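Asker:
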Amino acid sequence: MQDQLFINGRFVDAESGETLATLNPHDNSVIAEVAMAGKADVDKAVKAAQAAFPKWSRMAAMERGHLLLKLSDAIDANRQELAELESIDTGHPLRDTLGLDAPRTAVTFRYFGGMADKLEGTVIPVEEGFLNYMLREPVGVVGQVVPWNFPLMFTSWKMGPALAAGNCVVLKPAELTPLTTLRIAELMAEVGFPEGVVNIVPGLGSVAGQYLAEHSDVGKIAFTGSTATGKRIVQASSENLKKVQLELGGKGANIVFNDANLDAAVNGSAFAIFHNQGQACIAGSRLLLHEAIADEFLDRFLKLAASIRLGNPLDLQTEMGPLTSRMHRDRVLSYCDVARAEGGRVLLGGKAPDNAELAEGCYVLPTVVKASPLDRVSQEEVFGPFVSITTFRSDEEALAIANGTQYGLGGGLWTRDLQRAHKFARDMKSGMVWINCYKRVNPGSPFGGVGLSGYGREMGFEAMREYTQVKSVWVNIDADMRPYYSR
Ligand code: NAP
Ligand code: MG
0 MQDQLFINGR FVDAESGETL ATLNPHDNSV IAEVAMAGKA DVDKAVKAAQ
50 AAFPKWSRMA AMERGHLLLK LSDAIDANRQ ELAELESIDT GHPLRDTLGL
100 DAPRTAVTFR YFGGMADKLE GTVIPVEEGF LNYMLREPVG VVGQVVPWNF
150 PLMFTSWKMG PALAAGNCVV LKPAELTPLT TLRIAELMAE VGFPEGVVNI
200 VPGLGSVAGQ YLAEHSDVGK IAFTGSTATG KRIVQASSEN LKKVQLELGG
250 KGANIVFNDA NLDAAVNGSA FAIFHNQGQA CIAGSRLLLH EAIADEFLDR
300 FLKLAASIRL GNPLDLQTEM GPLTSRMHRD RVLSYCDVAR AEGGRVLLGG
350 KAPDNAELAE GCYVLPTVVK ASPLDRVSQE EVFGPFVSIT TFRSDEEALA
400 IANGTQYGLG GGLWTRDLQR AHKFARDMKS GMVWINCYKR VNPGSPFGGV
450 GLSGYGREMG FEAMREYTQV KSVWVNIDAD MRPYYSR
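Numbering-wise (numbering that gives the first Met the number 0), the sequence shown opens with residue 0 and increments by one.
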């Protein structure tokens with residue numbers, strides 16, 4: 000298991016020699032002591048990336064793509080190991096890390112590997128005698144800071160487009176979950192990525208992350224995390240006016256109408272909130288039920304939620320693992336008191352499971368709370384297996400509730416009414432809308448939010464555009480230019 004920083008193609012200790020323990024949230028045992036990057040290490044990483052940039056950015060795009068394709072094959076070949084490592088570091092059930100996280104990581108790198116040589120410039124029809132063309136050039140050294148909820152997948156979401164477009168990367172994983180990112184770096188070295196193109200600096204957000212966001216030799220900072228930290232990143236970025244991309248929090252509205260296919264809606268809504276222990280920015284954490292079907296829906300939803308199998312993530316029967324840290328578990332549970340204080344009712348869960356085998360871990364039972372739309376639990380991101388439920392009577396009311404938070408990442412609706420479906424897709428204030436499904440993600444489909452959920456898009460051509468800057472080139476072909484000055 001790699002436990003050092005990855006700088007300039009080598010695994011090295013931090014200059015300070017300091018380390019940080021990474022824990023297994025199933026029992027809070029220490030998995031590894033991981034080197035902790037400070038400012039000096041970030042400086043070294045940025046220098047290595049700068050040095051690698053000229054060659055990497057001018058390499059044939061197809062060759063860069065080929066390395067990403069080789070990496071995705073290596074991820075597939077090491078799927079079991081990566082999935083197990085992700086499960087012990089994050090608490091995600093192995094059935095997910097094996098079936099979703101690891102294969103999606105490979106697929107996303109593969110997608111961007113194929114994309115590398117397909118990002119074209121354009122020729123602009125300007126006045127006669129001139130040729131004007133637009134180039135998309137890489138930004139240079141890109142800083143990337145990611146959270147702990149999907150660390151393996153985020154390596155591909157972040158590094159895939161950045162590298163395909165010809166940038167060099169310094170990535171800071173979350174302090175809680177650095178292990179799969181370091182293993183990906185090792186695989187990158189094995190498949191032949193040149194030294195310095197990718198550098199991984201595990202460490203504290205307040206130190207390594209902050210410094211990367213401030214760094215004058217970093218041309219862009221791409222961040223996934225909380226809205227509060229996103230605001231700090233923007234401030235830090237002003238030092239050299241670097242480009243900023245922000246994927247922040249969400250409070251997804253999941254609306255079930257009275258004409259919905261209830262079987263599909265119940266199942267899909269449970270997936271929307273309980274998958275990954277609810278630790279997803281796009282979780283459907285607000286469930287809006289039409290009052291005509293609310294009782295029947297809730298009856299079935301609560302039964303399904305209560306039947307979800309909690310347990311050791313490495314057990315393939317487990318459907319829900321622990322939250323990723325003890326501190327986060329306590330924060331999620333504290334929202335039950337927040338709900339009660341405002342008149343909300345906890346209908347299910349709201350505590351750790353009784354099971355003695357899970358007592359040392361960061362487990363929380365699937366939690367369902369009845370609350371009003373303006374209550375804190377309906378407005379603030381809880382980021383756990385915690386859903387707030389409210390009812391509505393009309394489409395207008397549903398839309399007003401759905402749009403009634405400062406976030407705008409993802410949202411969805413369950414209905415058989417085509418007109419209503421598209422009307423909501425048009426009117427919902429969010430970067431993504433799911434109709435009769437939830438939390439669909441694909442490397443080709445733009446991912447990102449509006450409002451306090453941030454700006455910029457990951458995935459697809461949009462992501463490639465985010466990692467490039469435009470240059471406009473003017474050529475005088477045969478224009479007969481009258482001199483500006485007559486002498
Ligand atoms: P967080 O506290 O904002 O941390 C995210 C990352 O930022 C971590 O690597 C963290 O380091 C680092 N960081 C902390 N302070 C920093 C600073 N001053 N400067 C630079 N970096 C800093 O978020 P979290 O609570 O770990 O993650 C959950 C949040 O991420 C939720 O709000 C969730 O919605 C959001 N998220 C959004 C998306 C999306 O695509 N929109 C996807 C997933 C998650 P440490 O590890 O040391 O804290
Ligand atoms: Mg861990």
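By construction, the Cβ of each residue, glycine as well, lies at the ideal position given by its N, Cα and C atoms. All values reported here derive from a predicted model rather than from experimental measurement.
#1: Give the straight-line distance between the Cα atoms of Asp12 and Ile199, rounded to the nearest whole angstrom.
#2: Please give the ranges of any alpha helix (DSSP H) in the segment 58-132, keeping only runs that are unbroken, at least 4 residues long and fully inside the region.
#3: Go through the segment 310-396 residue by residue and report every complete run of the beta strand (DSSP E) that reaches 3 residues or more, in order.
#4: Does the Cβ of Ser205 lie closer than 6 Å to at least one heavy atom of the ligand NAP?
#5: What residue from Asn7, Ala73, Met152 and Arg94 has the CA that sits closest to Val440's CA?
#6: Among the residues of its own chain, which have a CB less than 6 Å from the CB of Ala264, if the five just before and after it don't count?
#7: Is the Cβ-Cβ distance between Gly383 and Val363 less than 7 Å?
#8: If we count Cβ pairs, one from each stretch, closer than 8 Å, do we get three or more for the segment 51-69 versus the segment 395-408?
#9: Who are Glu457's beta bridge partners in DSSP?
#10: Just the Cα atoms here: how many angstroms apart are Gly248 and Ile307?
#11: So, with DSSP's three-state summary, where would you put Gln49?
#12: For the alpha helix (DSSP H) holding Ala293, just list the boundary residues, first then last.
#13: Could you spell out where the alpha helix (DSSP H) holding Met158 opens and where it closes?
#14: To the nearest angstrom, how far is the alpha carbon of Leu288 from that of Glu396?
#15: Does the contact criterion of 3 or more C-beta pairs under 8 Å hold for the segment 309-319 versus the segment 354-368?
#16: The ligand NAP and Pro445: does the residue's C-beta get closer than 6 Å to at least one heavy atom of that ligand?
#17: Within 10 angstroms of the Cβ of Ala59, are there 16 or more other Cβ atoms? Answer buried if so, exposed if not.
#18: Is any heavy atom of the ligand NAP found at a distance shorter than 6 Å from the C-beta of Gly411?
#19: Does the ligand FMN have even one heavy atom less than 6 Å from the beta-carbon of Val144?
#20: Taking Cβ to Cβ, would you say Gly267 is nearer than 7 Å to Ala47?
#21: Distance check for Ser56 and Leu556, CA to CA, integer angstroms please.
#22: DSSP three-state call for Leu451: helix, strand or coil?
#23: Examine the ligand NAP and report whether any of its heavy atoms sits within less than 6 Å of the Cβ of Ala335.
#24: Please say whether Ser429 and Gly410 have beta carbons closer to each other than 7 Å?
#25: Mapping DSSP to helix, strand and coil, what is Leu170?
#26: Assign Tyr484 to one of two classes, buried (16 or more other C-beta atoms within 10 Å of its C-beta) or exposed (fewer than that).
#27: Just to confirm my understanding: we take Ala173, look at its own chain, exclude 5 residues before and 5 after, and list those with CB closer than 7 Å. What are they?
#28: Is it a yes or a no for the segment 81-94 touching the segment 178-186, going by three-plus beta-carbon pairs under 8 Å?
#29: For the alpha helix (DSSP H) that contains Val29, what are its first and last residues?
#30: Is there at least one non-hydrogen atom of the ligand NAP closer than 6 Å to the beta-carbon of Leu170?
#31: Out of Gly283, Glu238, Arg325 and Thr223, which has the shortest C-alpha to C-alpha gap to Glu457?
#32: Drop a sphere of 10 angstroms on the beta-carbon of Gly128, count the other beta-carbons inside from all chains shown, and report buried for 16 or more, exposed for fewer.
#33: Helix, strand or coil: how does DSSP classify Ile272 here?
#34: What do you reckon, is the C-beta of Cys436 under 6 Å from a heavy atom of the ligand NAP?
#35: What does the Cβ neighbour count give for Ala235, buried or exposed, with the cut at 16 atoms within 10 Å?
Answerer: Considering the structure as presented:
#1: Here residue 12 refers to the residue found at position 13 when the sequence shown is read from its first residue. Here residue 199 refers to the residue found at position 200 when the sequence shown is read from its first residue. Cα-Cα distance, rounded: 12 Å.
#2: 60-76, 78-89 and 101-114
#3: 344-347, 366-369 and 385-391
#4: Position 206 of the sequence shown holds residue 205. Result yes, Cβ under 6 Å from the ligand NAP.
#5: Within the sequence shown, numbered from 1, the residue matching residue 440 stands at position 441. Measuring from the Cα of Val440, the nearest candidate turns out to be Met152.
#6: If you number the sequence shown from 1, residue 264 lands on position 265. Non-local beta-carbon contacts of Ala264 in its own chain, meaning distances under 6 Å to residues more than five positions away in sequence, involve Val255 and Trp413 in chain order.
#7: The residue you call residue 383 lines up with position 384 of the sequence shown. The residue you call residue 363 lines up with position 364 of the sequence shown. Cβ atoms of Gly383 and Val363: closer than 7 Å.
#8: no
#9: Here residue 457 corresponds to residue number 458 of the sequence shown, with the count starting at 1. Paired residue(s): Phe446.
#10: In the sequence shown, counting from the first residue as 1, residue 248 sits at position 249. In the sequence shown, counting from the first residue as 1, residue 307 sits at position 308. Roughly 25 Å separates the two Cα atoms.
#11: Against the sequence shown, residue 49 aligns to sequence position 50. Correct three-state label for Gln49: helix.
#12: Position 294 of the sequence shown, counting from 1, holds the residue named residue 293. Per DSSP, Ala293 belongs to the alpha helix (DSSP H) from Glu290 to Ser306.
#13: Here the question's residue 158 lines up with position 159 in the sequence shown. Per DSSP, Met158 belongs to the alpha helix (DSSP H) from Pro150 to Ala163.
#14: The sequence position of residue 288 within the sequence shown is 289, counting from 1. The sequence position of residue 396 within the sequence shown is 397, counting from 1. So the alpha carbons of these two residues sit roughly 11 Å apart.
#15: Using a Cβ-Cβ distance cut-off of 8 Å, the segment 309-319 and the segment 354-368 are in contact, since at least three pairs of beta carbons, one from each stretch, lie closer than that value.
#16: What you label residue 445 is simply residue 446 of the sequence shown in a count that begins at 1. Not under cutoff, so the answer is no.
#17: As a position in the sequence shown, residue 59 is number 60, starting the count at 1. So Ala59 ends up on the exposed side.
#18: Taking the sequence shown and counting its residues from 1, the one referred to as residue 411 is at position 412. No - the ligand NAP has no heavy atom lying nearer than 6 Å to the Cβ of Gly411.
#19: Of the ligands one can find in the structure shown, namely the ligand NAP and the ligand MG, none is the ligand FMN.
#20: As a working mapping, residue 267 is identified with position 268 in the sequence shown. As a working mapping, residue 47 is identified with position 48 in the sequence shown. No. Outside cutoff.
#21: Because residue 556 is not part of the residues shown, which for the chain are 0 to 486, the question remains open.
#22: The sequence position of residue 451 within the sequence shown is 452, counting from 1. Note: Leu451 maps to helix in three-state DSSP.
#23: Residue numbering aside, residue 335 sits at position 336 when the sequence shown is read from its first letter. Per the sequence presented here, residue 335 reads as Cys, with Ala not at that position. Relative to the ligand NAP, even the nearest heavy atom lies 6 Å or more away from the CB of Cys335.
#24: The sequence position of residue 410 within the sequence shown is 411, counting from 1. The sequence position of residue 429 within the sequence shown is 430, counting from 1. It is a contact, given that the beta carbons lie within the stated cut-off.
#25: Taking the first residue of the sequence shown as position 1, residue 170 is located at position 171. Leu170: strand per DSSP, three-state reduction.
#26: For the purposes of this step, residue 484 is taken as residue 485 along the sequence shown, with counting starting at 1. Exposed: under 16 other Cβ atoms inside 10 Å.
#27: Sequence index remark: in the sequence shown, residue 173 carries index 174 (1-based). So the list reads Val145, Pro146, Trp147 and Pro150, once near-sequence residues are dropped.
#28: yes
#29: In the sequence shown, counting from the first residue as 1, residue 29 sits at position 30. Where Val29 is concerned, there is no enclosing alpha helix (DSSP H), although the beta strand (DSSP E) it sits in stretches over Ser28 to Ala34.
#30: One-based indexing of the sequence shown puts residue 170 at position 171. For the ligand NAP, not one heavy atom lies less than 6 Å from the Cβ of Leu170.
#31: Sequence index remark: in the sequence shown, residue 457 carries index 458 (1-based). It is Thr223 whose Cα lies nearest to the Cα of Glu457.
#32: Taking the sequence shown and counting its residues from 1, one reaches residue 128 at position 129. Exposed is the call here.
#33: Along the sequence shown, read from residue 1 onward, the residue named residue 272 stands at position 273. Under the three-state reduction of DSSP, Ile272 is assigned to helix.
#34: For the purposes of this step, residue 436 is taken as the residue at position 437 of the sequence shown. Flag unset: Cβ of Cys436 not near the ligand NAP.
#35: Numbered from its first residue, the sequence shown carries residue 235 at position 236. The residue is buried, with at least 16 neighbouring Cβ atoms inside 10 Å.
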